[in-house]
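Inspection log for the structure reproduced underneath, given as C-alpha cells.
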Amino acid sequence: MEFGHFLSAMTPFNIALALFGVVAGTIVGSIPGLTATMALAVLVPITFSMDPASALILLGAIYTGAIYGGAYAAILLNTPGTPSAIATTFDGYPMAKKGDGDLAVALACFASVFGGMVGAIALLLLAPPLSKVALAFGPIEYFWLSVFGLSLIASLSNGNLMKGLAGGAFGMILSTVGVAEISADIRLTFGSQVMIGGFGVVGALIGLYCIPVLIDLVAVPDRHLKVEEDVKSVRIGEAFSIAMRSKFNLIRSSVIGTLVGILPGAGGSVAGLVAYSEAKRTAKPHQKFGEGEPDGIMATESANNATVGGGFIPTLVLGIPGTPPDAIVLGALLVQGVRTGPAMFSQSGSIVYTFIYGLIIATVLMLPAGLLIGRYAYKSIVTIPKAVLVPTVGFMTIIGTFSIRNSVSDVIIMLCLGVFGWVVARFGFAASPIVLGLILGPIAEQGFVQGWTIGAATNNLFGMFFGRPISQAILAFTLVTLFLPAVLAYKKRRSAPEEL
Amino acid sequence: MLRRTILKTGAAFAVMAGLATGASADIDGPVNYIIPFGPGGESDISARLQQPFFAEKFGQEMVVSYQPGGGGAVGWASLNGLNGDGQTIMGVNLPHIVIKPAQKDVGFTTDGLNTFYMFHYTPDAIVVPAGSPYQTLDDLVADAKANPAQVTMSGSGKASANHLAQIKFDKMAGIQTTYVPFKGTGASVTALLGNQVKAQWGYTTVGAKQGDAVRMLAVAMEERHPLFPDVPTFKELGYDMTGGAYRGIALPNTASAETTKMWSDMIGEINADPAFRQKMLDGGFALLDVDAGGMADFMAARSAEYLNDAREAGLIK
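Chains as they are written, first to last, in our numbering: chain A, 1 to 500; chain B, 1 to 317.
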C-alpha cells in the first residue's frame with residue numbers, strides 16, 4: 001500500500017494502457033450485445049507479453065469503461081448496453097426524450113467515476129475484511145436477496161402492481177427454460193433444441209427494450225429525441241452542480257454497489273436496481289422517479305461502477321471471481337504464473353497494489369474520456385436521420401445477439417421477445433419486471449433448492465430459512481419496501497380526510 | 001536456445017514434408033477456440049494455459065471465446081455445423097458429453113463429436129475448510145456413519161463428475177451424505193469456505209488455488225499428486241476410486257483426417273512441453289495423453305463406466 005506502488009502504476013506505459021482500456025471499454029459497453037466479458041476474453045493474449053500489473057491495469061480499465069459505456073444506449077435508445085445499465089433506462093430515456101440527453105450522459109459519467117472511485121478505494125483499504133461478506137452469504141441469503149430484488153417490482157411498476165407482478169412471474173418462468181443450471185434437468189423446451197440454451201439475459205434485454213423502441217420509431221413520425229432550439233454544447237457545469245447536490249445519493253449508491261459487487265452471485269444489474277429503488281424510496285416530494293429524475297441515473301450509474309472494485313475484492317482476496325470479467329482476469333493472472341487465491345495478497349502484494357492504483361488512475365481518466373465520447377455519442381444519435389438510425393440499430397441488435405454465443409436460436413428468441421414486449425406494452429405491461437424475473441429467478445431457485453437441501457439434511461428447515469441474522473435483515477428490508485408506501489399513504493389519508 | 005533452434009528446424013522439416021506429400025493440412029490465421037462454458041472454470045483455465053504455448057510453437061494465436069448454455073449442450077450441438085477447416089476447435093468435457101445425450105435429445109451425441117485429444121483431468125478430491133474437525137477421511141466417514149445424511153457436501157452441478165463421485169464413494173464407504181449442487185466449482189468452493197456445507201466434492205485444482213485455506217482428505221488418483229505429497233489417494237485408504245472430470249478438444253466432424261491428425265499432434269506437442277506440464281501441475285491439474293488414435297477405446301471405456309454409475313444412481317433411465 002506504500003507510495004512506491006502508486007509510482008510504479010504511474011509509468012507512461014501504464015497510463016497509456018489505462019486510457020486505451022477505458023476508451024475501448026466504453027465503446028464496447030455502449031453496443032448492446034458486446035459485453036465486457038467478450039472484450040476481455042479477446043484481449044487476454046495481448047497481456048501475456050506484459051508484466052502482470054500492466055496486464056491487470058489494461059483489463060481492469062476495459063472492464064470499468066464497459067460498465068460506464070452501457071449507459072449510452074440506455075439513455076439514448078432505452079436499451080441497456082450491458083445488464084448493469086437496466087435501471088439507467090428508467091430515468092435516462094425520459095430525460096433524453098425531454099431534450100436533456102446530453103445532461104443525462106454527463107451525469108452518468110460523473111456518477112460512474114464517483115462510484116468507480118468508491119469501489120476502488122474500498123478495494124485498496126478494506127479488501128481483506130470486506131471479503132468476509134462474500135462468505136457470509138450462503139444459499140439462503142441469496143434466496144432472500146432475490147426475493148428482495150423481486151419486491152422492487154412493487155416500486156417499479158408505478159401504480160399497477162398486478163401487471164408488474166404478472167410480468168415478474170412471466171420472467172421467472174422464462175428463466176426456467178432450458179437445461180437447469182444446477183439440477184441439469186431439461187425443462188420447458190417442448191422437445192425443441194432451439195430452447196435448450198434458455199433465454200439469455202443479454203438477448204432478452206436487447207429484445208424487450210430495443211425492439212419496441214425501433215417499432216415505435218417506425219410507427220411514429222416524430223423525431224427520435226427532442227432537441228432544444230438553442231443547443232447548449234456543453235452542459236458539464238450543470239451536470240456537476242446537480243451531482244454535487246446529490247452527494248448523499250451518490251455515496252449511498254456507491255456503498256450499495258460495492259457491497260453487492262462483493263457477492264459472487266449478484267452483479268452490476270442487481271446493484272443498480274437496489275440502489276435505484278433506495279434512491280426512489282427516500283425521494284423528496286418534488287422528485288418524479290421514472291419521468292426523468294437525475295437522481296435515478298446517478299444512483300444506478302454510481303452503484304454499477306462501484307461493483308467493479310467490489311467484485312475484485314473476493315477475486316483477489318479469496319480467489320473467487322465476483323463476476324465473469326473477474327473470472328477472466330483471474331485466468332490471465334494464472335497464465336502469468338501469479339498464484340491467485342488467499343496467498344496472493346501476501347505473496348504478490350506489489351502486483352495487487354500496483355493494479356489497484358492502476359484501476360484508480362483508469363477511473364479518473366474515465367472522466368475526460370467519458371465526457372468526450374458521451375458528447376460524440378449524443379450528437380450522432382440526435383443528428384442521424386431516422387432512416388439511417390433504425391436500420392443501423394436494427395442491424396446491431398441482430399449482430400449483437402448473435403455474437404453472444406454464435407447462436408441463431410438466440411436471434412430468433414430475441415426478435416420474438418421484442419415483438420411480444422411491444423404488444424404487451426400496449427396493455428400496460430412494462431419490460432423491466434420481466435427482465436427482473438429473468439435475472440433473479442435462477443438466483444432464487446438455486447438458493448431455495450440448496451437451502452432446502454441443507455436445511456432438510458440437518459433437520460433445521462425453519463432455522464435455515466428464518467433463523468440466520470443476515471436473512472432476517474434482508475427479510476425485514478423486503479417487508480419495509482413492500483409495505484411502507486402503503487402504510488404511509490394510509491396514515492396520510494387518515495390525517496387529511498377532508499381532502500378529496 | 002539450442003532446443004528452440006532444433007524445434008524450429010524440426011518444424012521447418014515438418015512443413016517441407018507436408019508440402020512434399022501434398023497433405024496440405026495446416027493452420028492459416030488465428031484459431032477460434034470455443035469453450036462451451038463461462039470464464040473462470042477449469043476448462044477456461046486450462047485453455048488459457050495452452051494459449052501462449054500454441055502461439056510460440058505454431059506461430060498463430062488461439063482466440064478463446066465462451067459460448068455457455070445448457071451445461072455445454074448449446075456449444076456441442078452447434079459444433080458440427082461449424083467450418084471443419086481446422087480453424088475452429090471446441091473444448092469437450094467428460095462426463096458431460098456422455099451423460100447429457102443419455103438424458104434427453106440435446107442436439108448432439110457422444111459419438112457424433114470428433115474428439116481428437118483428451119489432454120488433462122482434474123482428479124476428484126474431498127476438500128474441507130482448514131478449520132474443519134475432519135482431519136482425515138476416516139473422520140468424515142465416521143461422522144457420516146453416526147449421522148446419516150447430516151454431512152452436507154457441495155459440488156458443481158448434478159449428474160456431474162462431482163455428483164457421480166459422491167454417489168460412488170457413499171456406496172463404497174457404506175455411508176449416506178447429502179450432496180448440494182452449486183453452479184460451478186467457484187460457487188461450490190465459496191459455500192465451503194463460508195461453512196455453508198461441511199465438505200466439498202471438488203478437484204485437486206481447488207487445493208492448488210486455495211492453499212492453506214482448505215485441506216484435502218483424499219484424491220482420486222493412482223499415485224499422489226506431485227503438488228500434494230502429503231495428501232493420500234483413495235486407493236491408499238482402501239477405496240478403489242480414481243478419476244475425475246476429463247477435458248479434451250474436438251473439431252467439427254467435417255474436418256478431414258489430416259486436419260484431425262495435425263491437431264492431435266499439435267496438442268500432443270504442447271502437452272509434452274516440460275514448461276506447460278509444470279504450469280498444469282502447479283495449477284493442480286493431472287496431465288493425460290489420449291490422442292486421436294486412442295480416442296475410441298478411451299471413450300468406450302469411460303462411457304461404459306459413467307453410464308453404469310449414472311444408471312445405478314437413477315440419474316438416467
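Glycine residues also receive a C-beta, built at the ideal position from the N, C-alpha and C atoms.
* Asked: Is P68 (chain B) near the ligand GDP, in the sense that its beta carbon is under 6 Å from a heavy atom of that ligand?
  -> Absence of the ligand GDP is noted for the structure shown, with no ligands found whatsoever.
* Grab the span of the beta strand (DSSP E) containing V214 (chain B) for me, first residue to last. => Locating residue 214 (chain B) in the second sequence gives position 214, counting from the first residue. Counting along the chain, the unbroken beta strand (DSSP E) around V214 (chain B) starts and ends at V214 to V219.
* For the alpha helix (DSSP H) that M396 (chain A) lies in, which residues bound it at each end? -> Counting from one through the first sequence, the residue named residue 396 (chain A) turns up at place 396. Run containing M396 (chain A): K386 to R405, per the alpha helix (DSSP H) assignment.
* CB contact below 7 Å: L49 (chain B) versus chain A -> For the purposes of this step, residue 49 (chain B) is taken as the residue at position 49 of the second sequence. Chain A contact via Cβ: present.
* Asked: Excluding the five sequence neighbours on either side, which residues of its own chain have a C-beta within less than 8 Å of the C-beta of F53 (chain B), listed in chain order?
  -> The residue labelled residue 53 (chain B) in the question sits at position 53 within the second sequence. For F53 (chain B), where only same-chain residues beyond five positions count, the Cβ hits under 8 Å are I270, D273, A275 and F276.
* Asked: For I167 (chain B) and chain A, any beta-carbon pair shorter than 7 Å?
  -> As a working mapping, residue 167 (chain B) is identified with position 167 in the second sequence. Closer than 7 Å to the CB of I167 (chain B) there is not a single CB belonging to chain A.
* With 16 as the cutoff for other CB atoms within 10 Å, does V419 (chain A) come out buried or exposed? -> Here residue 419 (chain A) corresponds to residue number 419 of the first sequence, with the count starting at 1. It is exposed - the Cβ of V419 (chain A) has fewer than 16 other Cβ atoms within 10 Å.
* Please report the Cβ distance between P264 (chain A) and A134 (chain A), rounded to the nearest whole angstrom; I am assuming they are in contact, meaning their Cβ atoms lie under 8 Å. => Sequence index remark: in the first sequence, residue 264 (chain A) carries index 264 (1-based). Sequence index remark: in the first sequence, residue 134 (chain A) carries index 134 (1-based). So it is a contact: roughly 6 Å between Cβ atoms.
* To do: Note the first and the last residue of the continuous alpha helix (DSSP H) segment covering I67 (chain A).
  => In the first sequence, the residue the question calls residue 67 (chain A) occupies position 67. For I67 (chain A), the enclosing alpha helix (DSSP H) has its first and last residue at P52 to L77.
* **Boundaries of the alpha helix (DSSP H) in which M172 (chain B) is found, first to last residue** => For this step, residue 172 (chain B) is matched to residue 172 along the second sequence. If you look at M172 (chain B), you'll find it in the alpha helix (DSSP H) that goes A161 to A173.
* Counting pairs of Cβ atoms below 8 Å between the segment 219-239 of chain B and the segment 165-173 of chain B, do you hit three or more? -> The segment 219-239 of chain B, when compared against the segment 165-173 of chain B, does touch it at the 8 Å Cβ threshold.
* Continuous beta strand (DSSP E) stretch holding V92 (chain B): start and end -> Your numbering for residue 92 (chain B) matches position 92 in the second sequence. Note, V92 (chain B): beta strand (DSSP E), T88 to L94.
* Asked: Cβ atoms of V179 (chain A) and A318 (chain B): under 7 Å apart, would you say?
  -> Summary: the structure shown does not reach residue 318 (chain B), with chain B confined to residues 1 through 317, and so no result is reported for it.
* Below 7 Å between beta carbons: does that hold for A283 (chain A) and A55 (chain A)? -> The sequence position of residue 283 (chain A) within the first sequence is 283, counting from 1. The sequence position of residue 55 (chain A) within the first sequence is 55, counting from 1. It is not a contact, given that the beta carbons lie outside the stated cut-off.
* Look at N93 (chain B) and V63 (chain B) and say whether their C-beta atoms are less than 7 Å apart. => By one-based count along the second sequence, residue 93 (chain B) stands at place 93. By one-based count along the second sequence, residue 63 (chain B) stands at place 63. No, Cβ-Cβ distance for N93 (chain B) and V63 (chain B) is not below 7 Å.
* Closer than 8 Å at the beta carbon, the chain B residues around A134 (chain A) -> Position 134 of the first sequence, counted from the start, is the residue given in the question as residue 134 (chain A). Residues of chain B whose Cβ lies closer than 8 Å to the Cβ of A134 (chain A) are, in chain order, T190 and G194.
* **Contact list for the segment 33-49 of chain B against chain A, Cβ threshold 7 Å** => Of all residues in the segment 33-49 of chain B, only G38, P39, G40, D44, I45, R48 and L49 come within less than 7 Å of chain A when Cβ atoms are compared, listed by chain position.
* Asked: Roughly how many whole angstroms lie between the Cα atoms of E291 (chain A) and K97 (chain A)?
  -> What you label residue 291 (chain A) is simply residue 291 of the first sequence in a count that begins at 1. What you label residue 97 (chain A) is simply residue 97 of the first sequence in a count that begins at 1. E291 (chain A) and K97 (chain A): Cα-Cα distance of roughly 10 Å.
* To do: Taking C-beta pairs closer than 9 Å, name the residues in chain A that K145 (chain B) reaches, listed in chain order.
  => Taking the second sequence and counting its residues from 1, the one referred to as residue 145 (chain B) is at position 145. In chain order: nothing, as chain A lies at least about 15 Å away.
* To do: Specify whether the segment 109-129 of chain A and the segment 413-429 of chain A touch according to this definition: at least 3 beta carbon pairs, one from each stretch, less than 8 Å apart.
  => As far as the Cβ criterion goes, the segment 109-129 of chain A does not touch the segment 413-429 of chain A, which means the pair count is below three.
* How is Y117 (chain B) classed by DSSP in three states: helix, strand or coil? -> Mapped onto the second sequence, residue 117 (chain B) falls at position 117. Reduced to three states, the DSSP call for Y117 (chain B) is strand.
* Could you tell me which of A:L475, A:T26 and A:L188 sits nearest to L145 (chain A), measuring between CA atoms? => As a working mapping, residue 145 (chain A) is identified with position 145 in the first sequence. For the residues A:L475, A:T26 and A:L188, the minimum Cα distance to L145 (chain A) belongs to A:L475.
* So is E319 (chain B) buried or exposed if we call it buried at 16+ other beta carbons inside 10 Å? -> Nothing can be reported for residue 319 (chain B), as the shown portion of chain B is limited to 1 through 317.
* Within 9 Å of chain B by C-beta, residues of the segment 285-311 of chain A in sequence order -> Taking 9 Å as the upper bound on Cβ-Cβ separation, chain B lies near no residue of the segment 285-311 of chain A.
* To do: Measure from the alpha carbon of Y72 (chain A) to the alpha carbon of each residue in A:F483, A:A87 and A:L359, then state which is nearest.
  => Here residue 72 (chain A) refers to the residue found at position 72 when the first sequence is read from its first residue. Nearest neighbour of Y72 (chain A) by Cα position, chosen from A:F483, A:A87 and A:L359, turns out to be A:A87.
* By how many angstroms is the C-alpha of R187 (chain A) removed from the C-alpha of P252 (chain B)? -> Counted from its first residue, the second sequence places residue 252 (chain B) at position 252. Counted from its first residue, the first sequence places residue 187 (chain A) at position 187. Take the alpha-carbon of P252 (chain B) and the one of R187 (chain A): they are about 27 Å apart.
* **Inter-residue Cα distance where the pair is P232 (chain B) and V106 (chain B)** => Mapped onto the second sequence, residue 232 (chain B) falls at position 232. Mapped onto the second sequence, residue 106 (chain B) falls at position 106. A straight line joining the alpha-carbon of P232 (chain B) with that of V106 (chain B) spans about 39 Å.
* For E312 (chain B), go through chain A and note every residue whose CB falls closer than 8 Å to its CB, in chain order. => The residue given as residue 312 (chain B) occupies position 312 in the second sequence. Near E312 (chain B) there are no residues of chain A at all, since even the closest Cβ is about 17 Å away, more than 8 Å.
* Would a check of beta-carbon distances place R252 (chain A) closer than 7 Å to chain B? -> Numbered from 1 along the first sequence, position 252 holds the residue referred to as residue 252 (chain A). Residue-level contact by beta carbon fails for R252 (chain A) and chain B, as no gap is shorter than 7 Å.
* Flag Q318 (chain B) as yes if its beta-carbon sits less than 7 Å from any beta-carbon of chain A, otherwise no. => There is simply no residue 318 (chain B) to check, as chain B begins at 1 and stops at 317 in what is shown.
* Evaluate the contact criterion for the segment 194-214 of chain B versus the segment 143-154 of chain B: three or more CB pairs, one atom per stretch, below 8 Å. => With three or more CB-CB distances shorter than 8 Å, the segment 194-214 of chain B counts as touching the segment 143-154 of chain B.
* Residue nearest to L124 (chain A) in terms of C-alpha spacing, selected from A:A184, A:T481, A:F345 and A:I398 -> Here residue 124 (chain A) refers to the residue found at position 124 of the first sequence. Considering only alpha carbons, the answer is A:F345.
* Asked: According to a CB-to-CB cut-off of less than 8 Å, which residues of the segment 47-75 of chain B neighbour chain A?
  -> The segment 47-75 of chain B vs chain A, Cβ under 8 Å: R48, L49, Q51, P52, A55, E61, M62, V63, V64, S65, Y66, Q67, P68, G69, G70, G71, A73, V74 and G75.
* Any 3 or more C-beta pairs closer than 8 Å across the segment 155-174 of chain A and the segment 419-431 of chain A -> Cβ pair count under 8 Å is three or more, so yes.
* To do: With 7 Å as the threshold, decide whether the Cβ of S183 (chain A) is near any Cβ in chain B.
  => What you label residue 183 (chain A) is simply residue 183 of the first sequence in a count that begins at 1. Residue-level contact by beta carbon holds for S183 (chain A) and chain B, with a gap shorter than 7 Å.
* To do: With 7 Å as the threshold, decide whether the Cβ of P181 (chain B) is near any Cβ in chain A.
  => By one-based count along the second sequence, residue 181 (chain B) stands at place 181. At least one chain A Cβ lies under 7 Å of P181 (chain B).
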